[in-house]
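Straight run, no breaks: the sequence shown in this note's numbering ends on number 924.
Built from N, CA and C at the ideal position, the CB exists for glycine as well.
On a predicted model such as this, the values are computed, not experimentally measured, just so you know.
What follows is one structure encoded as C-alpha cells, with my remarks underneath.
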Amino acid sequence: MLNINFKAIAKIIGVLLCIEAIFMLFPLFTSIYYHEKDTLPFLFSFIITLITGAILLITSRKNNDRTGKREGFMAVALSWISISLMGALPFIFNGDTHTFTDAFFESMSGFSTTGMSILEDIDGSCHGILLWRSLSQWLGGMGIILFSLAIMPILNYGSGLYLFSAEMTGVTHEKLGPRISQTAKKLWGLYLFFTILLFILLVIGPMDTFDAICTAMTTYSAGGFSTKQASIAYWNSAYIDYVITFFMFLSGINFALIYRSVFRNPKHLFQNEELKYYVIFIILGTIIITTYLLFSYSDSADYEWSFRTALFTVVSGLTTTGYSIVDFCDWGSFFFFFICLYMLCGACAGSTSGGAKMIRTIILMKNTSAEFFRQIHPNTIRPIRVNNNTVSHEIVSKALAFFVFYILITLASCVALSLLGLNIEESIGLAISSISNCGVGVGGENPDAIFTTLPKIGKWIVLFNMLVGRLEIFTIIILFSPYFWKK
Numbered sequence: 438m439l440n441i442n443f444k445a446i447a448k449i450i451g452v453l454l455c456i457e458a459i460f461m462l463f464p465l466f467t468s469i470y471y472h473e474k475d476t477l478p479f480l481f482s483f484i485i486t487l488i489t490g491a492i493l494l495i496t497s498r499k500n501n502d503r504t505g506k507r508e509g510f511m512a513v514a515l516s517w518i519s520i521s522l523m524g525a526l527p528f529i530f531n532g533d534t535h536t537f538t539d540a541f542f543e544s545m546s547g548f549s550t551t552g553m554s555i556l557e558d559i560d561g562s563c564h565g566i567l568l569w570r571s572l573s574q575w576l577g578g579m580g581i582i583l584f585s586l587a588i589m590p591i592l593n594y595g596s597g598l599y600l601f602s603a604e605m606t607g608v609t610h611e612k613l614g615p616r617i618s619q620t621a622k623k624l625w626g627l628y629l630f631f632t633i634l635l636f637i638l639l640v641i642g643p644m645d646t647f648d649a650i651c652t653a654m655t656t657y658s659a660g661g662f663s664t665k666q667a668s669i670a671y672w673n674s675a676y677i678d679y680v681i682t683f684f685m686f687l688s689g690i691n692f693a694l695i696y697r698s699v700f701r702n703p704k705h706l707f708q709n710e711e712l713k714y715y716v717i718f719i720i721l722g723t724i725i726i727t728t729y730l731l732f733s734y735s736d737s738a739d740y741e742w743s744f745r746t747a748l749f750t751v752v753s754g755l756t757t758t759g760y761s762i763v764d765f766c767d768w769g770s771f772f773f774f775f776i777c778l779y780m781l782c783g784a785c786a787g788s789t790s791g792g793a794k795m796i797r798t799i800i801l802m803k804n805t806s807a808e809f810f811r812q813i814h815p816n817t818i819r820p821i822r823v824n825n826n827t828v829s830h831e832i833v834s835k836a837l838a839f840f841v842f843y844i845l846i847t848l849a850s851c852v853a854l855s856l857l858g859l860n861i862e863e864s865i866g867l868a869i870s871s872i873s874n875c876g877v878g879v880g881g882e883n884p885d886a887i888f889t890t891l892p893k894i895g896k897w898i899v900l901f902n903m904l905v906g907r908l909e910i911f912t913i914i915i916l917f918s919p920y921f922w923k924k
C-alpha cells in the first residue's frame, strides 16, 4: 500500500481549522454588537471548529512532518473541503438555510469566491452572517493555506512548497523570497493594503461603514458576495461603480507582478505580456458593449452610463467577480455567450480571479498559430514565446491538458444540468459560472433565483465545479487518477 503521511495532512488541516475558528470571532463580536440572533450560532460554530482543529493537532503531534507532492495535493483538497464544512455551521445553526446541502453550498461559494448565494433574503440577514460571507471570500481569495504559511513558519518545513504550488493559480508559481513564508507574507500584505484602501474610498462615497468593510473584502477577493440583494446596483452611484471597477481590475492582475513593479522596477508592469492581453480584452469588450447599448437606447442614449455599464460588466465578468449593475442576459444571446466566454478566460494568473487565466489563453492561441505555421512549413521550428521567453514544452502540455479537462467538465456539467430540467442557456451559464468561480445568475426571468430552485443533485454538481475551478482542476482531479495511488 502507498505510504502517505496522513498525520502530516491532519496537522495541516488542524492548523487551518484553528485559524478559521479565530476568524469566526469577528462575526461573533459583530452579532453581539448589533444584538442579533446569530450570536449563539457563531459561538457554537467557533467552539466546534476550534475543538475539531485542536483534536487533529493533538492526534498528529508525534509526526516526522515528512511530506511530498501527494501529501500536498491531498492536504489542499481536504483542507478546502474541511474549511467549507465548518464554514457552513453558522448558516445551519442560524437557520438561514433549510438543508445541509444549502449551507455547504453557501459556504463553498464563499471560500471558492464563486459568489452564488442560496440565501433568499440577503437584505434581511444578520450582520454577523453578512460579515462571515464576506470574510470567507476574503480568506478564499488569496488562499487560507497561503495565509497559514505566512503566519505559521512551522508549516513551511517539508510541505510548504507543495501546499503553495497546489493552491496558487497559474502555470508557474513565482516566489518573492527564498522561503515560501516570505512570499506569503508579501502577497498577503499587499492584499491587506489594497483591501483597506478600497474600504476608505467606499466610505468616502455613499456606503456606510459596515457595507464598505464587506464590499471591500468581496471586491478585492473577486468574490462578488454583496450585503444587498440588488448587488452594487443598490447604491445607484457612478462613484461606487467606478471605484469598484478599478479595484476589480486590480484584483485581476498578478499580485507578484504588482509587488515587483512597486518595490523593484515599475517597468515590469508595462513589459508583461499577460497584462497587455488582459487590458486589450477589457478595451475590446467595453467598446463592443458600449456600442450596443448606445444603439439599443438611441432615443435616450446616455454615453456615460453606457460606457460605465459596459466597463463594469466586462471587468466583473473577466475577473470573475460576478457583481452586477444590470442583467446582461436581457441583452440577448450573443452578449450572454460573450460574457460567458470572458468568464471562461479569466484574468491574470497569480490574481484572485477565477477562470482558465489569461496566460493559458495566450499559450493556447500562440500554440494554435504555431500549428498552422507548421502545417505550411513542416521543417521549421517555431517556439512559443511569452514575455520574450521561450515557453517549455512541459508548460504548453500542461496548459493544453488544463483546457481539455476544463472544457470536458464544463460540457459534462451542462449535460447533467440539462437532464435535471434546466434549459440550454441556464445549463451553459450555470456550468461556466460555477467552474470559472464567477457566480453570476444566468437565464430565466429571475437569474439569481436559479440557485435556490436548483435540485439537490444540481447543487452538488455546482459545488464540485466551484471546488475544482478554485483549485484549478488538477489538484482535485489528480486524486482520482490511478497514478496518484501507485508507488
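Going by beta carbons, residue 507 and residue 921 fall inside the 8 Å limit. Looking from the CA of residue 694, the closest CA among 683, 536, 711 belongs to 711. Bounds of the alpha helix (DSSP H) holding residue 447 are 443-471. By the neighbour-count criterion, in which 16 or more other beta carbons inside 10 Å mark a residue as buried, residue 655 falls on the buried side. Restricting attention to 896, 914, 906, 903, the CA atom closest to the CA of residue 538 is found in 896. Using a Cβ-Cβ distance cut-off of 8 Å, the segment 636-656 and the segment 696-708 are not in contact, since fewer than three pairs of beta carbons, one from each stretch, lie closer than that value. Within the same chain, 547, 662 come within 6 Å of residue 570 by CB-CB distance, once the 5 residues on both sides are set aside.
Rounded to the nearest angstrom, the gap between the Cα atoms of residue 576 and residue 542 is 17 Å. It is roughly 47 Å from the alpha-carbon of residue 760 to the alpha-carbon of residue 815. The beta carbon of residue 450 sits closer than 8 Å to the beta carbons of 490, 493, 512, 515, 516, 519 from its chain, once the five residues preceding and following it are set aside; these are given in chain order. Between residue 743 and residue 755, the C-beta gap is not smaller than 8 Å, which leaves the two residues out of contact.
Per DSSP, reduced to three states, the secondary structure at residue 826 is strand. By the neighbour-count criterion, in which 16 or more other beta carbons inside 10 Å mark a residue as buried, residue 891 falls on the buried side. Secondary structure at residue 507: helix, using DSSP grouped into helix, strand and coil.
Rounded to whole angstroms, the separation of the alpha carbons of residue 775 and residue 861 is 16 Å. 674 is the residue among 657, 670, 674 whose C-alpha sits nearest the C-alpha of residue 641.
Here residue 863 is near residue 887, since their CB atoms are less than 8 Å apart.
For residue 697, the number of other beta carbons within 10 angstroms of its own is at least 16, and it is reported as buried. Assigned with DSSP and collapsed to three states, residue 871 falls in helix.
For residue 531, the enclosing alpha helix (DSSP H) covers residues 526-531. In the three-state reduction of the DSSP assignment, residue 677 falls in the helix class, which pools H, G and I. Going by DSSP, residue 476 is part of the alpha helix (DSSP H) stretching over 476-496. Inside the segment 642-695, DSSP marks whole alpha helix (DSSP H) runs of 4 or more residues at positions 646-657, 675-688, from first to last along the chain.
In the three-state reduction of the DSSP assignment, residue 577 falls in the helix class, which pools H, G and I.
One alpha carbon belongs to residue 831, the other to residue 823, and they sit about 14 Å apart. Residue 558 carries a coil assignment under DSSP once its states are collapsed to helix, strand and coil.
Taking C-beta atoms as the reference points, residue 912 and residue 872 fail to come closer than 8 Å.
In the three-state scheme derived from DSSP, where H, G and I count as helix and E and B as strand, residue 877 is classed as coil.
Excluding residues up to 5 positions away in sequence, 745 lie with their Cβ nearer than 8 Å to the Cβ of residue 679 in the same chain.
CA-CA distance, residue 819 to residue 713, rounds to 22 Å.
Secondary structure at residue 804: helix, using DSSP grouped into helix, strand and coil.
Here residue 804 is not near residue 850, since their CB atoms are 8 Å or more apart. By the neighbour-count criterion, in which 16 or more other beta carbons inside 10 Å mark a residue as buried, residue 553 falls on the buried side. Look at residue 564 here: in three-state DSSP terms it is helix.
Cβ neighbours of residue 648 within its own chain (closer than 6 Å, five residues either side excluded): 664.
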